[in-house]
Each structure stands twice: as C-alpha cells, then as structure tokens.
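Plus 948 on top of the position in the sequence shown (first one is 1) and you've got the working numbering. Cβ atoms here follow ideal geometry from the backbone N, Cα and C, with glycine treated the same way. See structure below.
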Amino acid sequence: MKAVVYEKYGSPEVLEFREIEKPTVMEDDVLVKIHAASMNPMDVHFRSGTPFMARLMTGLLKPKSKILGFDFAGKIESVGENVEQFKKDDDVFGLVPPERVDGGANAEYVCVSEKDIALKPVNMTYEQAAAVPVAAPMALQGLRDKGNIKPGQRVLINGASGGIGTFAVQIAKSFGVEVTGVCSTRNLELVKSIGADEVIDYTKEDFTKKDQSYNLIFDVVAKNSFSKCKNALTPEGIYVTTAYGPKLLLQKYWTSMTSSKKMIPMWGKRSKEDLIFLRDLIEAGKITSVIDRVYPLNEIAEAHRYVGKGHARGKVIITL
Ligand SMILES: NC(=O)c1ccc[n+]([C@@H]2O[C@H](COP(=O)([O-])OP(=O)(O)OC[C@H]3O[C@@H](n4cnc5c(N)ncnc54)[C@H](OP(=O)(O)O)[C@@H]3O)[C@@H](O)[C@H]2O)c1
C-alpha cells in the first residue's frame, strides 16, 4: 500500500511517500481503507519531535510510530474475529490513538480498534468526516466536561477560526449559549458565519481588557493565560486551556484553593460516546466541518508546512 513514512524527527522533508506492506487485521481490530485523513498540530509536533518532553511518549531518539495521521474516514475492508459492532463495507470515521505505534492514517489502510471508530455521519463526505475525530471531541470535552457549559451563559472562544475553534463555536451554540469568537481580521466573517454572536479581532482589541465578563473562556489556541483572562471571568467563571503540563496543573490546584474562579488545563481523551454524540449533532444539522485546504497524500509535506504556521482556517484534509 502507499503510505507516508518517517524514520527520524525533523522538518517536513523527513516525510517519505513509499510503498509498504498492507497491515493484516488482528482479532480485535478492523482494517479500514482510508478515503481521507486530517491534519492536527499534533502531527507537526510528532514529526518534529518538539517540544522535547513529548518524546517521552513519541520515542526519545527516533519516532516509535513510523506513520502519522490521527483521524480518518473510510470504508471497512475486513474485521477481526472478535469484532461485533462493524462489518465489511461499513463507512466509518475515527481515530488512531497516539499510543498506537503500528501505523497512523497517512496511508491507504489502517488497523484500529472498534472502540475508536463510529459509523460515519450520513450527511458528510469522507473529507468532512475525517475533520471531526480529534478536533470536535476536544471542543466538546473542553466546553461540556471541563467548562460545565450551561444554556444562557456567555462563552468566549479564543482561537475560534482554527480546527478545534470552528467546532467549538458551533458546539457552544448547540448548548444554547451566547458565543463570542476571537480571531484575526480575515476570519471575522467566517466565525460569524458558523454562529458566533459577537467577534473580537485580536489584532485590534485585547478581550481581557474589555469591560465584559464571561462564564466560560475556552482558550483553544492557548495564546493567553489564566492570569490575563481572570478579570474577564464572572465571579464563578471557568477558564479552560488546551495547554497542558505540570506548571499548569499546579496553577489549577492553587486557583481552586484561593479563588471562586476555576482554571482547567485539558488533555483530550478517546471517547466513542463523544464521537456518537457529535455524529448526532452533525446529522441534526447543528454542526459541520469547516475545511480550509485539501492535499493529496503525496503532497503531505506541504500540509505540514501550512499547519505548522498556526493559521489554518478550520481543518486541513489529506485525501487518498
Ligand atoms: N491538550 C490536548 O489534548 C490537545 C489536543 C489537541 C490539540 N491541542 C492544542 O490545541 C491547539 C489548537 O489546535 P487546533 O487544531 O485548533 O489548531 P489550528 O487549527 O492550527 O489553529 C489555527 C488557528 O489559530 C488561530 N490563532 C493563531 N494565533 C492566534 C491568537 N493569538 N489568538 C487567537 N487565535 C489565534 C489562527 O487564526 P489566525 O490565522 O486568524 O491567527 C488559526 O485559525 C494547538 O496548540 C494544539 O496543539 C491540545
């Protein structure tokens, strides 16, 4: 099968388009013929081996997994003997968890556990569906599980125009809240078009200095900090950030002891229930994928360069 393989950390040039052996399905797995995959900042970090601490997970001197790609949509080609919920020819979408080192979604075929996939939304193309499994659950978990979002609240999403942010705006609206999206000038119309009630251009205004407070601030791109944002929170307001690490966890516990406001660094978790929850929202027409660019698999190095700049508008898709 065709795949993009990398044997060492480095710039996008380390990615090699190659012919490799097709995986064989194991008893608890399904073999999926991939039609589309999506790019996430995680692909860029795993390829470059940065930040260095992340190599404790990805491999200290060289990558443990040789094929990147954490989410995909495609058709089941075969199922292992213990698989109960899926059959050959089912259209599915799902993710390859980072701890799985036998190959990611930047290939013609991938083997995954039935726990990491769900039937593809019927109203989405493979490209649209491939955009969902990493970014949309992050948005859902940030708003619902960490942010305790409730109807009628005022919610601010910083980084509203990116992969996670475009889902976060729509998911927040589906919970019946008033949404303010923060993005740059060129993305104001996009963020309004997906449902934001108000938009703030971060190149012209600093939302932390405006006379407005929010029940929940979801710092999707982690470009701010709790110290800067706390004045923009209501007295019991919650700040959720996608940044994660020991320093932030200490700050979380310190804040919980000293303030009525909450500071929560989040780490996305694998959840089939969340994929199904999101599929229901998609099929109900409440959320959809915003697709910025589409690259064929053999041009994936370009996609890495683009996503690595940190200015994608929605999701970047890889087609096979
Ligand atoms: N903790 C976890 O488990 C976890 C899991 C997944 C992802 N993440 C992290 O979550 C972050 C977001 O992921 P993503 O997929 O949404 O990234 P992304 O798609 O690459 O985000 C790009 C977006 O960020 C916006 N942006 C850049 N600088 C900004 C600023 N100063 N203020 C507001 N918006 C700004 C850009 O808008 P402009 O072009 O307008 O600047 C662009 O639309 C990444 O840092 C990623 O590493 C964490």
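- With respect to V1044, V1060 sits close: the two C-beta atoms are nearer than 8 Å.
- With a threshold of 7 Å, the Cβ atom of G1110 counts as near ligand 1, since some heavy atom of the ligand is closer than that.
- When DSSP reads this structure, Y1187 sits in a beta bridge with I1165, M1211.
- Scanning its chain for C-beta atoms nearer than 7 Å, with the 5 sequence neighbours on each side dropped, one finds around S1122 the residues L1229, K1234, I1235, in chain order.
- When the Cα atoms are used, K1158 and S1173 turn out to be separated by approximately 16 Å.
- Set against 7 Å, the gap from the CB of H1252 to the closest heavy atom of ligand 1 is not smaller.
- Rounded to the nearest whole angstrom, the CA to CA distance from M987 to R1253 is 11 Å.
- Secondary structure of S1109 (DSSP, three-state): coil.
- A distance of 8 Å or more separates the beta carbons of F1041 and F1018.
- Look at P999 here: in three-state DSSP terms it is coil, with no helix or strand label.
- Rounded to the nearest angstrom, the gap between the Cα atoms of G1100 and G1124 is 6 Å.
- Relative to the non-hydrogen atoms of ligand 1, the Cβ of N1106 comes within a distance shorter than 7 Å of at least one.
- Only buried fits V973, as 16 or more other CB atoms lie within 10 angstroms of its CB.
- Contact between the region 1199 to 1211 and the region 1168 to 1184 is present: 3 or more CB-CB pairs across the two stretches fall below 8 Å.
- The residue from T1133, G1216, A1180, T1267 with its alpha-carbon nearest to that of H1259 is T1133.
- Residue range 1263 to 1267 is occupied by the beta strand (DSSP E) that includes T1267.
- With 16 or more other CB atoms across the displayed protein chains lying within 10 angstroms of its CB, Q1076 is buried.
- The straight-line gap separating the alpha-carbon atoms of A1144 and Q1160 is approximately 16 Å.
- With a cut-off of 8 Å on Cβ pairs, the region 989 to 1008 is not in contact with the region 1084 to 1101, counting fewer than three such pairs.
- Collapsing the DSSP output to three states places E1025 in a strand.
- Taking all protein chains in view, the Cβ of A1116 is crowded by 16 or more other Cβ atoms within 10 Å, so the residue is classified as buried.
- Closer than 7 Å to some heavy atom of ligand 1: that does not describe the Cβ of C1059.
- Between I968 and M990, the C-beta gap is not smaller than 8 Å, which leaves the two residues out of contact.
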